[in-house]
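Colleague: Numbering of the sequence shown is given in the UniProt record's numbering, commencing with residue 1 and proceeding in unit increments. Even for Gly, the Cβ is constructed at its ideal location relative to N, Cα and C. Please find one structure pasted underneath; my questions will follow.
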Amino acid sequence: MSKLQSDALREAISTIVAQSKEKQRKFTETIELQIGLKNYDPQKDKRFSGSVKLPHIPRPKMKICMLGDAQHVEEAEKIGLDYMDVEALKKLNKNKKLVKKLAKKYHAFLASESVIKQIPRLLGPGLNKAGKFPTLVTHQESLESKVNETKAMVKFQLKKVLCMGVAVGNVAMEEKQIFQNVQMSVNFLVSLLKKNWQNVRTEFSFSPLLKTLAISGS
């Protein structure tokens with residue numbers, strides 16, 4: 001079995017954080033992990049999709065929109081969350097360009113039970129095509145907790161390209177938090193693959209630095 005080299009991973013994370021501090025950017029850089037797959041044929045092999053909740057939120061400023069009923073709209077307003085009600089969705093009139101624009105504006109969507117059932121009729125397949133179909137929120141759940149849970153989720157989906165990219169942290173986080181997020185992300189992806197570590201290329205890379213990291217041999 002191959003596995004992540006902990007020391008090499010810690011070193012890569014330290015380098016990314018140190019270089020980011022040197023740059024002194026006016027925004028907090030997101031760290032993205034890029035993993036290449038091998039011995040996979042997207043045409044023949046079953047395409048997979050899976051989400052995992054990371055221990056630490058990688059993108060605190062991730063933009064989320066609540067597609068809500070009256071109660072959820074009120075709750076969204078209280079916590080400063082963007083929202084749209086059914087009337088606002090109706091105004092988009094299933095216009096493909098407007099729905100595409102909405103999908104681009106946000107990283108993720110949440111929806112009330114009464115609204116989620118109407119999404120295909122109100123918006124067509126646009127959000128689904130963008131991989132951003134809303135996550136259901138019930139009135140028994142705390143909306144704020146659901147927002148934080150959504151911010152901590154990362155999704156791996158095999159499409160046509162054999163490269164996976166997910167946000168695993170940001171340069172303002174503690175290095176051990178980034179390390180834990182990377183570990184969980186990689187182990188979860190490996191669990192989705194038909195031959196586990198044998199389907200993972202021997203190097204990972206991180207952006208913004210594109211620091212390359214080798215994994216140990218099998």
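1) Going by beta-carbon coordinates alone, are residue 144 and residue 79 separated by less than 7 Å?
2) Tell whether a beta-carbon distance below 7 Å holds between residue 39 and residue 187.
3) Between which residues of its own chain and residue 49 is the CB-CB distance below 8 Å, once the five residues before and five after are set aside?
4) Using the DSSP secondary-structure output, state which residues sit across from residue 82 in a beta bridge.
5) Return helix, strand or coil for residue 131, following the three-state DSSP convention.
6) Using only alpha-carbon positions, find the residue among 161, 89, 185 that is nearest to residue 42.
7) When DSSP labels each residue in this structure, what does residue 150 get in the three-state scheme?
8) Under the DSSP definition of a beta bridge, which residues are partnered with residue 199?
9) Between the beta-carbon of residue 168 and the beta-carbon of residue 37, is there less than 7 Å?
10) Going by DSSP, what residues sit across from residue 170 in a beta bridge?
11) How about residue 133 and residue 67: are their beta carbons less than 7 Å apart?
12) Considering only their Cβ atoms, is the gap separating residue 54 from residue 184 smaller than 7 Å?
13) Quick check on this structure: which residue in 131, 118, 106 has the alpha carbon closest to the alpha carbon of residue 61?
14) Hey, residue 17 and residue 171 are a contact pair by Cβ (cut 8 Å); roughly how many whole angstroms apart?
15) With DSSP as the reference, label residue 57 as helix, strand or coil.
16) In whole angstroms, what separates the C-alpha of residue 90 from that of residue 131?
17) Is the stretch 69 to 76 in contact with the stretch 112 to 132, if contact means three or more CB pairs nearer than 8 Å?
18) Would you call the CB atoms of residue 103 and residue 81 closer than 7 Å?
19) Tell me the DSSP secondary structure of residue 112 in three-state form.
20) Leaving out five residues on either side along the sequence, give the residues of the same chain with a beta carbon under 6 Å from the beta carbon of residue 47.
21) Could you say which of 193, 10, 5 lies nearest to residue 175 if we only look at CA atoms?
22) DSSP state of residue 97, grouped into three classes?
Modeller: Well, looking at it:
1) yes
2) no
3) Result list for residue 49: 155, 156, 157, 158, in chain order.
4) 65
5) coil
6) 161
7) helix
8) Its beta-bridge partners do not exist; DSSP assigns none.
9) no
10) DSSP, once it has assigned bridges, lists 30 as partnering residue 170.
11) no
12) Going by C-beta atoms, residue 184 is nearer than 7 Å to residue 54.
13) 106
14) The beta carbons of residue 17 and residue 171 sit about 5 Å from each other, so the pair counts as a contact at 8 Å.
15) In this structure, residue 57 counts as coil in the three-state DSSP scheme.
16) 21 Å
17) These segments touch.
18) no
19) Here residue 112 sits in strand by DSSP.
20) 158
21) 10
22) Residue 97 falls in the helix class under three-state DSSP.
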